[in-house]
Ligand code: BTN
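Shown next as C-alpha cells:
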C-alpha cells in the first residue's frame, strides 16, 4: 500500500509455509464449478485428502475472504471465481508466458522478496514467482517498509537470471516499472505516469512500487529479484499515506480483479524482459521517455544519502540512470536516491 520507516523484525518460524498445492487444486475445482454444489466427499476424492481436511481448508479460504457457501453435509459452492492469487488460477491466464512456470503462493509471509532471494540462492530457475496475500514485513526502497492490507493489493516477486553485468541493472528496473505501468493502463483504461525509476503514479499519487534486489559480482549478476507492490482494491489509504498513495479502485471507482491485474503484470514483464535481453536497453529507454513525465524537463527534488538538491531532469543515460541539471548548469547522474516533484 505504501511506505513507512520501520525497523521491526519478524519471527519467520511463526509464519506458515507456502500454500499446499492441494488447496490450490481445491480453489480451481470450486472456480471451475461455480454453478453446482460439490459434496465434501467428492472434493476430498478429487484433490486426494480426507473430508476433515477439506472442511479445514474451506475455513482457511473463508478467512482469506473467499465466499464459500454450504457446509460439510450438503456440499460447497462459490458464486464467482475467487480473487485469490492462487497459482493454478493464475496459470490459466499465462499461456505462452515464461515467467511463472514455477509459482509459490503464501497466505501470509514475511516478504515475498525475502523468500525469492532465498530461492535464488538455492538455485531456483529464472521466472520463479512468489506471491503473498499478506506480508508481515514487506520491504520498500531506501529502508522503508511496505504496508499492505490483506488480499487488497498485489505483493509479488519475480526471480530473474539475466546474463548481464550489474551496470545494466537500472534498465532492468525500468523494464519492470514499464510492465507495471502497462498492466495498470490496460486494467484501468487510465494513463499512468512513471516517477523515475519505477514508481507508477495515478493523478500524482503512487499506486505501485518496485524493489529490485540482486546478488552479483562486479561483472555478473547471479540473480535479481523484482518485488512489486500494487495497490488494487484498497478503498482508502491510512493516515500518512492518504495524500501520497492511491489504489486502482480509488481512481476508477470500481473493484478490480487482482488475478487479472497480476496476469497482465506478468505478461508485460515477460515481454519487456525478453525485449531487454534481445535488444538491450534502447527500446526500454525510448518507451520510458514516451510514457514518463519524469525523463526530461521536470523540476525535481533529489534526496540521496549525502544531500538534497533540486534541478530539472535532463534525460536518461544509456544505462537508465537519470540525469538532473542543477541551477548552476552542472549535470548530476542519479544512481540511487529518491525523486520527488519539486514544489
Ligand atoms: C517501494 O516503492 O519502496 C518499493 C515497494 C516494493 C514492495 C513490494 S511488495 C512485494 C515485494 N516484497 C517486498 O517485501 N517488497 C516488494
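Residue numbers (the working numbering): 282 to 624. C-beta: ideal position from N, C-alpha, C; glycine also.
Out of curiosity, what's the CA-to-CA distance linking residue 478 and residue 590? Indexing the chain shown from 1 puts residue 478 at position 197. Indexing the chain shown from 1 puts residue 590 at position 309. Looking at the two C-alpha atoms, the distance is approximately 17 Å.
Any chance the CB of residue 422 is under 6 Å from a heavy atom of ligand 1? On the chain shown, position 141 is the one that residue 422 refers to. Set against 6 Å, the gap from the CB of residue 422 to the closest heavy atom of ligand 1 is smaller.
Measuring from the CB of residue 427, is there a heavy atom of ligand 1 at a distance below 6 Å? Walking along the chain shown from the start, residue 427 turns up at place 146. A distance criterion of 6 Å places the beta-carbon of residue 427 in contact range of ligand 1, judged by its closest non-hydrogen atom.
Roughly how many angstroms separate the alpha carbons of residue 555 and residue 401, rounded to a whole number? Counting from one through the chain shown, the residue named residue 555 turns up at place 274. Counting from one through the chain shown, the residue named residue 401 turns up at place 120. Spanning the two alpha carbons is a distance of roughly 20 Å.
Other residues of its chain near residue 582: CB distance less than 6 Å, five sequence neighbours each side excluded: As a first step, residue 582 must be located in the chain shown, where it is residue number 301. Counting only Cβ-Cβ distances below 6 Å, and skipping sequence neighbours, we find 591, 621, 623.
Distance cut-off 6 Å: residue 576 Cβ against heavy atoms of ligand 2: The model depicted lacks ligand 2 and carries ligand 1 instead.
Tell me whether residue 512, by its Cβ, gets closer than 6 Å to a heavy atom of ligand 1. The residue you call residue 512 lines up with position 231 of the chain shown. The closest heavy atom of ligand 1 lies 6 Å or more from the beta carbon of residue 512.
Is the beta carbon of residue 512 closer than 7 Å to that of residue 434? By 1-based counting over the chain shown, the position of residue 434 is 153. By 1-based counting over the chain shown, the position of residue 512 is 231. Result yes, Cβ atoms of residue 434 and residue 512 sit closer than 7 Å.
Residue 558, DSSP secondary structure in three states: Within the chain shown, the letter at position 277 stands for residue 558. Residue 558: helix per DSSP, three-state reduction.
Can you list, in chain order, the stretches of the beta strand (DSSP E) that have 3 or more residues and sit fully within the stretch 431 to 484? Every beta strand (DSSP E) of 3 residues or more that sits fully in the stretch 431 to 484 is shown, in chain order, as 435 to 441, 474 to 476, 480 to 483.
Flag residue 371 as yes when its Cβ comes closer than 6 Å to any non-hydrogen atom of ligand 1, and as no otherwise. Residue numbering aside, residue 371 sits at position 90 when the chain shown is read from its first letter. Checking every heavy atom of ligand 1 against the Cβ of residue 371, none is found closer than 6 Å.
Note down the Cα distance separating residue 293 from residue 439, rounded to an integer number of angstroms. Position 12 of the chain shown holds residue 293. Position 158 of the chain shown holds residue 439. The predicted model places residue 293 with a pLDDT of 45, which falls under 50 and marks its position as unreliable; any figure quoted below should be read in that light. For residue 293 and residue 439, the gap between their C-alpha atoms comes out near 20 Å.
Counting along the chain, where does the alpha helix (DSSP H) carrying residue 532 start and finish? The residue labelled residue 532 in the question sits at position 251 within the chain shown. Its alpha helix (DSSP H) spans residues 529 to 533.
In this structure, does DSSP put residue 400 in helix, strand or coil? If you number the chain shown from 1, residue 400 lands on position 119. Helix, per DSSP.
Where in the stretch 543 to 613 do unbroken runs of the beta strand (DSSP E), each at least 3 residues long, occur, reported from the N-terminal end onward? Here the runs fully enclosed are 577 to 584, 589 to 597, 603 to 606.
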